[in-house]
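Just below is one structure, and these are the notes that go with it.
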Amino acid sequence: MAKAEIRNRVRELRQERGEMTQQELADRCDCTRQTIIMLEQGRYVPSLSLALKIARTFEKNVEDVFVLEE
Amino acid sequence: MTQTQIRARWTLYIWVPVMFLFLIVFVSGRGPEGYAGESTRHLIVACLFLVGFISYLTMIYRTRLRPGGPVKDERDQSIEWKSQRIAFVAVISFVYVISILLWIFYEDREFVPAGWLWFLGYATVFFGMISSAVAALVLDSGTVVHGEG
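Protein chains in written order, with the working numbering: chain A, 784 to 853; chain B, 3 to 151.
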């Protein structure tokens, strides 16, 4: 069974927020900066709870931040 | 650096030298076949192992999660679980391969010198520690990791 690819718009949304750094986003979502870096590079697929925290930080729905590509 | 990265690196810094020193002691003198009967080499290896273990436990204590200390999140947790699973399979394979090699080598003599059992015991610990740390560093550096939960 092929694993679905999950893309995200974290970097784009962070840049839309002007000065929000990776560290600030990490602090708001209770994760490390390394996780945000890997997430933005597409090398980490977050758990549901982290995905929800990130979406809430950007005041978006999860589907607006994470896109399932089949 | 996260707690997982720090611990993986220190695990290598501690156990790789201990493993090499162990190998040197193990093959020196009368070699593996004479190891079981030589108390001096037993003592040296036991001391090496003790130093390694005390260093390891000290490192674990000093890298504990605390305010201002190392950080850790779900990605690190996921990497640790995966690296431990990889290490488990690696250790099983290691014991299997060594056992088969010993059987092939000593098949004609119909017995295996007891020194090799000491080797298997110590080497399994070293191999488990090192393979887990290497797996954690490899997973951390580039592989796509999926969060769990």
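Glycine included, each C-beta is placed from N, C-alpha and C at the ideal position.
Cβ neighbours of residue i in the same chain (closer than 6 Å, five flanking residues each side left out)
i                        : result
alanine 92 of chain B    : Ser133
glutamate 823 of chain A : Val793 and Arg794
leucine 23 of chain B    : Leu50
methionine 21 of chain B : Phe128
Three-state class that DSSP yields for residue i in the structure shown
i                     : result
leucine 45 of chain B : helix
valine 146 of chain B : coil
valine 114 of chain B : coil
Bridge partner(s) assigned by DSSP for residue i
i                        : result
glutamate 852 of chain A : A:Glu788
valine 73 of chain B     : B:Thr4
Contact list for residue i against chain B, beta-carbon separation under 8 Å
i                       : result
arginine 826 of chain A : Gly144, Thr145, Val146 and Val147
Within chain B, partners of residue i - CB distance below 7 Å
i                        : result
leucine 833 of chain A   : Glu76 and Gly149
threonine 818 of chain A : Asp75 and Arg77
Any non-hydrogen atom of the ligand GDP closer than 8 Å to residue i Cβ
i                       : result
aspartate 75 of chain B : For the structure depicted, the ligand GDP is absent and the ligand set is empty, with no information on it obtainable.
Residues of its chain near residue i, where Cβ-Cβ distance is below 7 Å and the 5 sequence neighbours each way are ignored
i                       : result
tyrosine 108 of chain B : Val114
glycine 31 of chain B   : Glu40 and Arg43
CB contact below 9 Å: residue i versus chain E
i                        : result
glutamine 805 of chain A : In summary, chain E is missing from the structure at hand, where the protein chains are A and B.
Chain-ordered chain B contacts of residue i [CB-CB under 9 Å]
i                        : result
threonine 815 of chain A : Thr4, Val73, Lys74, Asp75, Arg77 and Asp78
message: Within 8 Å, do at least three Cβ pairs link the stretch 133-142 of chain B to the stretch 72-87 of chain B?
response: At 8 Å Cβ cutoff, the stretches touch.
- request: Count the C-beta pairs between the stretch 55-75 of chain B and the stretch 835-851 of chain A that are closer than 8 Å, then say yes if the count reaches three, no if not.
  value: With the cut-off at 8 Å, the stretch 55-75 of chain B and the stretch 835-851 of chain A do not touch.
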